[in-house]
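Peer 1: In our numbering, the protein residues as written are 1 to 356. Positions of the beta carbon are idealized from the N, C-alpha and C atoms, including for glycine.
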Ligand SMILES: [Zn+2]
Ligand SMILES: [Zn+2]
């Protein structure tokens, strides 16, 4: 028997339960929990800001240690590094079939036959998919990466959701070299996106952020930061009158979309990725989109190659990420009430569970 935290649909509640953890089947890898972070979307589910099929085990920003390799399980990770018992690994949020039409079109995260870790309803054959548990069982079609020793587990755990998603969002935003990038939200995704955009050659990165302490952090990192309600007043000063080439929406809301459209440049790109919960419809000025030839894209999750790029990014930017990402308590599964309380306080980018 092993422990898992089950979300059964009750507001703000997880229950610690014991279930039998099977040997991995053919092609599967069983891993034992090292660190599972509580993503904002987990909190949205637990605190009823969005719905999810229940019962389920949440958690999809996870680092675990290989515990048992099933028959014909992968012997190497996605970069060709051999996998052995005891290795620390992360994995893609989705295990996809790799051969259907949707997978072939380059959207494996939308594969109709996919298993989505930390999102799948608990079933007798599908129990150990969430991070908030002592074990996870990784299915064939999962992108697995071994974590280099110099990356601490709590930082490595961010890769499986937020960092890889940021890689997909930056890719959707196009080449940012020499461009002005406006990022809505300076939380964990926003900070990672700002560093990634700058290191990809952006001329200027500006953050829109409601919380003063997060604006101060962005300033310390060398990025201009503006309160959303001051955008129109301050943006022209901050950018020396330049318009926005790339707008990345990572906060889940846009306070004044018509104003934003006035600041977008000819041929600019808008990427929506933050609103992974029901959000108010935006008033869209079609004429502005047409006359400025603006491209609008939505991005949800990511492909396996984004996970590889995300690991390289974190590996190269460990120090700055550890300095600016605010990690709260990392406690045992048994301490779930304290972890959720800290997570919902908003004081930290991430809190989480540790299996050690
Ligand atoms: Zn997430
Ligand atoms: Zn597929």
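1) Does the Cβ of residue 96 lie closer than 6 Å to at least one heavy atom of ligand 2?
2) Given 8 Å as the limit, is there contact between the stretch 276-292 and the stretch 251-267, that is, 3 or more CB pairs closer than that?
3) Can you tell me whether residue 357 is buried or exposed? The criterion is at least 16 other CB atoms within 10 Å of its CB, across all chains shown.
4) Are the CB atoms of residue 57 and residue 133 nearer to each other than 7 Å?
5) Can you find at least 3 beta carbon pairs, one from the stretch 82-92 and one from the stretch 150-168, that sit closer than 8 Å?
6) If you measure from the CB of residue 76, is any heavy atom of ligand 2 nearer than 6 Å?
7) Say yes only if the C-beta of residue 167 is nearer than 6 Å to one or more non-hydrogen atoms of ligand 2, and no if none qualify.
8) Is residue 92 near ligand 1, judged by its Cβ being under 6 Å from some heavy atom?
9) May I have the straight-line CA-CA distance separating residue 128 from residue 62, to the nearest angstrom?
10) What residues does ligand 1 have around it, judged by CB closer than 5 Å to any heavy atom, in chain order?
11) Does any heavy atom of ligand 2 sit closer than 6 Å to the C-beta of residue 100?
12) CB residue 297 to CB residue 314, shorter than 7 Å?
13) In the DSSP assignment, what residue or residues form a beta bridge with residue 301?
14) For ligand 2, is there any heavy atom lying closer than 6 Å to the beta carbon of residue 293?
15) Closest to residue 136 by C-alpha separation, out of 165, 24 and 317, would be which residue?
16) Who are the near neighbours of residue 312 in its chain, counting only those whose CB is closer than 6 Å to its CB and skipping five residues on each side?
17) With burial defined as no fewer than 16 other Cβ atoms inside 10 Å of the residue's Cβ, what is the status of residue 231: buried or exposed?
18) Whole angstroms is fine: what's the gap from residue 224's alpha carbon to residue 267's?
19) Quick one: give me the first and last residue of the alpha helix (DSSP H) that residue 367 is part of.
20) Does the beta-carbon of residue 286 have 16 or more other beta-carbons within 10 angstroms, so that it is buried, or is it exposed?
21) Short check: CB of residue 164 to CB of residue 316, under 7 Å?
22) Does the structure place the stretch 331-341 close enough to the stretch 108-118 that three or more beta carbon pairs sit under 8 Å?
23) Tell me which residues share the same chain as residue 226 and place their Cβ nearer than 7 Å to its Cβ, disregarding the 5 neighbours each side in the sequence.
24) Go through its chain and collect everything with a Cβ distance to residue 154's Cβ below 6 Å, but skip five positions before and after it.
25) Could you say which of 260, 2 and 46 lies nearest to residue 341 if we only look at CA atoms?
26) Would residue 284 be called buried (16 or more neighbouring beta carbons within 10 Å of its own) or exposed?
27) Based on Cα-Cα distance, which residue from 152, 260 and 18 lies nearest to residue 249?
28) Is residue 207 near ligand 2, with its Cβ less than 6 Å from a heavy atom?
29) Kindly indicate which three-state DSSP category residue 79 falls into: helix, strand or coil?
30) Between the C-alpha atoms of residue 144 and residue 77, what's the straight-line distance to the nearest angstrom?
31) Return helix, strand or coil for residue 173, following the three-state DSSP convention.
Peer 2: In brief:
1) On the chain shown, position 96 is the one that residue 96 refers to. At least one heavy atom of ligand 2 is nearer than 6 Å to the Cβ of residue 96, so yes.
2) Segment contact: the stretch 276-292 against the stretch 251-267, three or more CB-CB distances shorter than 8 Å; contact assigned.
3) This structure cannot speak to residue 357, because the chain is shown only from 1 to 356.
4) What you label residue 57 is simply residue 57 of the chain shown in a count that begins at 1. What you label residue 133 is simply residue 133 of the chain shown in a count that begins at 1. Taking 7 Å as the Cβ cut-off, residue 57 and residue 133 qualify as a contacting pair.
5) Three or more Cβ pairs closer than 8 Å define a contact, and the stretch 82-92 meets that threshold against the stretch 150-168.
6) Taking the chain shown and counting its residues from 1, the one referred to as residue 76 is at position 76. Because no heavy atom of ligand 2 lies under 6 Å away, the Cβ of residue 76 does not count as near it: no.
7) Here the question's residue 167 lines up with position 167 in the chain shown. In terms of side-chain proximity, the C-beta atom of residue 167 is found no nearer than 6 Å to any non-hydrogen atom of ligand 2.
8) What you label residue 92 is simply residue 92 of the chain shown in a count that begins at 1. Not one heavy atom of ligand 1 falls within 6 Å of the beta-carbon of residue 92.
9) Here the question's residue 128 lines up with position 128 in the chain shown. Here the question's residue 62 lines up with position 62 in the chain shown. Rounded to whole angstroms, residue 128 to residue 62 spans 13 Å at the Cα level.
10) Cβ-based neighbours of ligand 1 within the cut-off: 39, 41 and 161.
11) Along the chain shown, one-based indexing puts residue 100 at 100. Residue 100 Cβ: within cutoff of ligand 2.
12) As a position in the chain shown, residue 297 is number 297, starting the count at 1. As a position in the chain shown, residue 314 is number 314, starting the count at 1. Against a cut-off of 7 Å, the Cβ pair of residue 314 and residue 297 comes out as no contact.
13) Counting from one through the chain shown, the residue named residue 301 turns up at place 301. Per DSSP, none; premise fails for residue 301.
14) One-based indexing of the chain shown puts residue 293 at position 293. Checking every heavy atom of ligand 2 against the Cβ of residue 293, none is found closer than 6 Å.
15) Position 136 of the chain shown, counting from 1, holds the residue named residue 136. Nearest C-alpha to residue 136: 24.
16) Here residue 312 corresponds to residue number 312 of the chain shown, with the count starting at 1. The beta carbon of residue 312 is closer than 6 Å to none in its chain, skipping five residues each way along the sequence.
17) Residue 231 sits at position 231 when you count from the first residue of the chain shown. Buried: at least 16 other Cβ atoms inside 10 Å.
18) Looking up residue 224 in the chain shown gives position 224. Looking up residue 267 in the chain shown gives position 267. Taking the straight line from one Cα to the other gives about 23 Å.
19) What the structure shows of the chain is the stretch from 1 to 356, and residue 367 is not part of that stretch, so it cannot be assessed.
20) Along the chain shown, one-based indexing puts residue 286 at 286. Classification of residue 286: exposed, given that the 10 Å Cβ count is below 16.
21) As a first step, residue 164 must be located in the chain shown, where it is residue number 164. As a first step, residue 316 must be located in the chain shown, where it is residue number 316. Not a contact, by the Cβ cut-off of 7 Å.
22) No, because fewer than three Cβ pairs between the stretch 108-118 and the stretch 331-341 fall closer than 8 Å, the two stretches do not touch.
23) In the chain shown, residue 226 corresponds to position 226, counting from 1. Residues 206, 208, 234, 235 and 238 of the same chain have their beta carbon placed closer than 7 Å to that of residue 226, with the five preceding and five following residues left out of the count.
24) Residue numbering aside, residue 154 sits at position 154 when the chain shown is read from its first letter. Around residue 154: 35 and 327.
25) Working through the chain shown from its first residue, we reach residue 341 at position 341. Considering only alpha carbons, the answer is 46.
26) Translated into the one-based positions of the chain shown, residue 284 becomes position 284. Exposed is the call here.
27) As a first step, residue 249 is located in the chain shown; it is residue number 249 there, counting from the start. Comparing Cα-Cα distances from residue 249 to each of 152, 260 and 18, the minimum goes to 260.
28) Numbered from its first residue, the chain shown carries residue 207 at position 207. Using a cutoff of 6 Å, the CB of residue 207 does not count as near ligand 2, since none of the ligand's heavy atoms is closer than that.
29) In the chain shown, residue 79 corresponds to position 79, counting from 1. Of the three classes helix, strand and coil, the one that applies to residue 79 here is coil, per DSSP.
30) Counting from 1 along the chain shown, the entry for residue 144 is found at position 144. Counting from 1 along the chain shown, the entry for residue 77 is found at position 77. Spanning the two alpha carbons is a distance of roughly 5 Å.
31) On the chain shown, position 173 is the one that residue 173 refers to. Correct three-state label for residue 173: helix.
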